[in-house]
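**Q** Below is a structure I'd like to ask you about.
2 protein chains.
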Amino acid sequence: MAEFVVGIDIGGTNTKFGIVDKHGHILAQDRLLTNEHEIVEDFITDLHHKLMPLIDKAGGAKKCAGIGIGAPNGNYYTGNIEYAANLKWRGIIPFASMVSEKFGLPVKLTNDANAAAMGEMRYGCAKGMKHFITITLGTGVGSGIVIDGKILLGHDGFAGELGHTIIRPGGRLHKGTGIKGSLESYASATGVRETALELLAENPDTESLLRDYSLNDLTSQSVYECAIKGDKIANEIFEFTGELLGEALANFVMFSSPEAIILFGGLTKAGDLIMNPTRKSMEEHLIQIFKNKVKLIFSELKEADAAILGASALVWD
Amino acid sequence: MAEFVVGIDIGGTNTKFGIVDKHGHILAQDRLLTNEHEIVEDFITDLHHKLMPLIDKAGGAKKCAGIGIGAPNGNYYTGNIEYAANLKWRGIIPFASMVSEKFGLPVKLTNDANAAAMGEMRYGCAKGMKHFITITLGTGVGSGIVIDGKILLGHDGFAGELGHTIIRPGGRLHKGTGIKGSLESYASATGVRETALELLAENPDTESLLRDYSLNDLTSQSVYECAIKGDKIANEIFEFTGELLGEALANFVMFSSPEAIILFGGLTKAGDLIMNPTRKSMEEHLIQIFKNKVKLIFSELKEADAAILGASALVWD
């Protein structure tokens, strides 16, 4: 009888992993540096070396139902990591089968944003919901879409790339994709920083606490700190970001009519500063049948735990 | 043993209905005027009067598996028609149960665009596909989204309103919804006409065959006729419409990663004039993992039959 699962979250910098019981308690966790490993086989060897003691301590592989992995560009159908821009391993990596072989355990893999949605459904504020969308506002903008209680994968496993949808045609260039005006260019931490630089440049005569920061220190976090002190430009940055994000969310609602949209990630630390303009803009851009229906909420999962929990939920599912 | 079904398509002007066998052959059909009936009960009485002889001729109600209805703002979950702007019957109409009671047959109802998608899946070019989107480019812009072989309904039955997604924030006002810059404001027949009027006004010195038409006769059809004669402005109208439509389609692809997008409706009569700029724009706005993957095709169903077939497919399904 399986008593626990392993959740692994592979990020561009860190890989976090943990032992998770059926109730969503993380019994043990550790991490290793992802990009220190030029070769994926070396990474898996190191992962095995660090993770096996945790598995043994929890009761051994026989009590483990399997390993769930969230990874950038992870494909649920194939178990591959395909052309992940933030990882050093190039091309198509049959990651799930490599890990399964190394550990002798069943492995399920999906992209990190879909794993986050699984975590919300099993352990977070989407418990009991069949239709919702999670939007991760972090370094990038990720998304996981749940329809009829299942992650939307599409015909090839790549559905749910909402951060790349275009919300300002001909707008800001996304250096990673070469596409102009995508949501990620504005509503990510990187996008907020860029908006800050633009607004400061466009308003040279407006005083702002943001001008005291060095270019390196000017982040979405510093924008937040200035905004709560009443800084005009910092507040405008959140207004602008929320306006755009709300428009994008309205489009998503008119696509799949979810019960809720759950926001997650660094930018949500700004609380009402980002929530209020986002909600206002979303409602303004919805047609009548969708107005005042969709719950727009922040995730309640601890950011440190959410990735491991989400990955682990893949196995219980 | 059921031998046939009834398909009913309720439009703002006409209601078409027909007897359909399992192979998608329409054995008999007729129509009545929708908006001639101020009261929905009178409409159903007239429908019964005209439809029962067809049912009797086909073998009687005992051989009929049921009635499928496509209607504006039709809700599959409730069987209601809810606040349909183009119909005279106001508020929430329990249409499916009213028809079921009148005919003594099971009734399934959905919105007209979803019915069109069902028809494509059962009888049209989406046979065998599990993930696709149909876009109807008619007086308005309708859409039906199929995921894992099922119509996407969302938590309340209203999913798939892609014509109302915003593609030009702050752009052209949609008089029906009050929202600016929605796809329907540009890619519908009405939108094409408006683009024509704008381009003619903006380029007073450019000769155009379109200037020979009266305001009443200037339609998407006349734009097509001028475009194939090489008219510069008429061709620009299709370029512009395709550019916008392609952007919107790219956004839809990045949401649900369909195998195909099927275009249907009056505007598709323009053939390559609309298809080429649309495809080019869609591909330009997709991130790498989606490029050159999605089939963009025209429906092969006859427009006259498609609505009845689509509605009938609801029952077989």
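Sequences listed follow chains A and B, in order.
In case it helps, our numbering puts the first sequence at residues 1 to 317.
In case it helps, our numbering puts the second sequence at residues 318 to 634.
All residues carry an ideal CB built from backbone N, CA and C; glycine is no exception.
Note that the coordinates shown come from a computational prediction; the quantities given were computed from them, not determined experimentally.
Please check the pair A/Thr-268 and A/Ile-274, which I expect to be a contact at CB under 8 Å, by giving their CB distance rounded to whole angstroms.
**A** Rounded, the Cβ-Cβ distance is 7 Å, consistent with contact.
**Q** Of the residues that make up the segment 72 to 105 of chain A, which ones have a beta carbon closer than 8 Å to any beta carbon in chain B?
**A** Result list: Asn-73, Glu-82, Tyr-83.
**Q** On the criterion of 16 or more Cβ atoms from any shown chain inside 10 Å, does A/Asp-42 qualify as buried, or is it exposed?
**A** Exposed, because fewer than 16 other Cβ atoms sit within 10 Å of the Cβ of A/Asp-42.
**Q** So which residues on chain A does B/Ile-604 lean against when the C-beta distance must stay under 7 Å?
**A** Glu-161, His-164, Thr-177, Ile-179, listed in chain order.
**Q** Just to confirm the assignment: which complete alpha helix (DSSP H) runs, minimum length 4, are found wholly within the segment 412 to 469 of chain B?
**A** List check, alpha helix (DSSP H) in window: 412 to 420, 429 to 440.
**Q** What does B/Ala-471 reach in chain A if we use C-beta pairs closer than 7 Å?
**A** Just to set this straight, residue 471 of chain B is Gly in the shown sequence, not Ala. His-131, Ser-256, Ser-257, Pro-258, listed in chain order.
**Q** Can you pull the chain A residues whose beta carbon is under 7 Å from the beta carbon of B/Ile-464, in chain order?
**A** Those within 7 Å of B/Ile-464 in chain A are Ile-147, Leu-152.
**Q** Of the choices B/Leu-454, B/Leu-469, B/Ser-460, B/Ile-625, whose alpha-carbon is the least far from that of A/Ser-256?
**A** Taking only the C-alpha atoms, the option nearest A/Ser-256 is B/Leu-469.
**Q** Across which residues does DSSP place B/Arg-348 in a beta bridge pair?
**A** The partner list for B/Arg-348 (beta bridge, DSSP) reads B/Lys-333.
**Q** Out of curiosity, what's the CA-to-CA distance linking B/Lys-444 and B/Lys-425?
**A** About 21 Å.
**Q** Taking 9 Å as the CB-CB cut-off, is A/Lys-127 touching chain B?
**A** With 9 Å as the cut-off, A/Lys-127 does not count as an interface residue toward chain B.
**Q** My assumption, with CB atoms under 8 Å, is that B/Gly-376 sits in contact with B/Glu-320. Please give the rounded CB distance.
**A** Confirmed, about 6 Å.
**Q** Touching or not, the segment 220 to 229 of chain A and the segment 183 to 196 of chain A, by the rule of three or more beta carbon pairs under 8 Å?
**A** Judged by Cβ distances under 8 Å, the segment 220 to 229 of chain A makes contact with the segment 183 to 196 of chain A, as three or more pairs qualify.
**Q** Taking C-alpha atoms, which residue in A/Asn-114, A/Gly-266, A/Pro-204, A/Ser-299 lies nearest to A/Gly-68?
**A** Nearest of A/Asn-114, A/Gly-266, A/Pro-204, A/Ser-299 to A/Gly-68, Cα basis: A/Asn-114.
**Q** Is there a Cβ from chain A that is less than 9 Å from the Cβ of B/Asn-568?
**A** Chain A, which has a Cβ nearer than 9 Å to the Cβ of B/Asn-568, makes this yes.
**Q** How about B/Phe-360: is its C-beta nearer than 9 Å to some C-beta of chain A?
**A** Not closer than 9 Å to any Cβ of chain A, the Cβ of B/Phe-360 fails to qualify, so no.
**Q** Mind checking which residues open and close the beta strand (DSSP E) that includes A/Asp-46?
**A** Counting along the chain, A/Asp-46 falls outside any beta strand (DSSP E), though it belongs to the alpha helix (DSSP H) covering 40 to 57.
**Q** Report yes or no: is there a C-beta of chain A within less than 9 Å of the C-beta of B/Phe-321?
**A** By this cut-off, B/Phe-321 is not an interface position.
**Q** Apart from the five residues just before and just after A/Leu-199, which ones in its own chain have a Cβ nearer than 8 Å to its Cβ?
**A** Taken in chain order, the residues that qualify are Ile-233, Glu-236, Ile-237, Phe-240.
**Q** List the residues of chain A whose Cβ lies closer than 7 Å to the Cβ of B/Glu-564, in chain order.
**A** Neighbours of B/Glu-564 on chain A, chain order: Ile-166, Pro-169.
**Q** When you compare only the Cα positions, how much space is there between B/Gly-487 and B/Gly-457?
**A** Spanning the two alpha carbons is a distance of roughly 19 Å.
**Q** Three-state secondary structure (DSSP) at A/Ile-26?
**A** Three-state result, A/Ile-26: strand.
**Q** Note the first and the last residue of the continuous beta strand (DSSP E) segment covering A/Ile-8.
**A** Run containing A/Ile-8: 4 to 10, per the beta strand (DSSP E) assignment.
**Q** Can you tell me which residues form a DSSP beta bridge with B/Phe-615?
**A** B/Leu-580.
**Q** For a contact meaning CB atoms closer than 8 Å, what does B/Lys-610 contact in chain A?
**A** The contacting residues are Asp-156.
**Q** Assuming B/Gly-387 contacts B/Asn-428 (C-beta within less than 8 Å), just tell me the rounded distance between them.
**A** With 8 Å as the limit, B/Gly-387 and B/Asn-428 qualify as a contact, their Cβ atoms being about 7 Å apart.
**Q** Between the alpha carbons of B/Glu-600 and B/Leu-561, how many angstroms are there, rounded?
**A** If you take the alpha carbons of B/Glu-600 and B/Leu-561, they lie about 12 Å apart.
**Q** Anything in the segment 226 to 240 of chain A with a Cβ closer than 8 Å to a Cβ of chain B? List those residues in chain order, please.
**A** Taking 8 Å as the Cβ-Cβ cut-off against chain B, none of the residues of the segment 226 to 240 of chain A qualify.
**Q** Taking only beta-carbon atoms, is A/Phe-17 less than 9 Å away from chain B?
**A** So no, A/Phe-17 is outside the interface.
**Q** Within 10 angstroms of its Cβ, does A/Gly-343 collect 16 or more other Cβ (buried), or is it exposed?
**A** Since the displayed chain A opens at 1 and closes at 317, residue 343 of chain A lies outside it and no answer follows.
**Q** I'd like the list of long-range same chain contacts for B/Met-435, defined as Cβ closer than 7 Å, with 5 residues on each side in sequence excluded.
**A** Excluding sequence neighbours, B/Met-435 sits near Ile-468, Gly-627, Ala-630, Leu-631, Asp-634.
**Q** Give the DSSP-derived three-state secondary structure of A/Leu-173 in the structure shown.
**A** DSSP places A/Leu-173 in strand when its eight states are reduced to three.
**Q** Spatial neighbours of A/Cys-64 within its chain, please: CB distance less than 7 Å, with the 5 preceding and 5 following residues excluded, ordered by chain position.
**A** Ala-2, Phe-4, Val-5, Val-6, Ile-55, Leu-105.
**Q** Within 9 Å (strictly less), CB to CB, does A/Phe-264 reach chain B?
**A** No, because no Cβ of chain B sits closer than 9 Å to the Cβ of A/Phe-264.
**Q** Taking the alpha-carbon positions, what's the A/Pro-277 to B/Ala-544 distance?
**A** Rounded to whole angstroms, A/Pro-277 to B/Ala-544 spans 44 Å at the Cα level.
**Q** Under 9 Å between C-beta atoms, does A/Phe-290 make it to chain B?
**A** Closer than 9 Å to some Cβ of chain B, the Cβ of A/Phe-290 qualifies, so yes.
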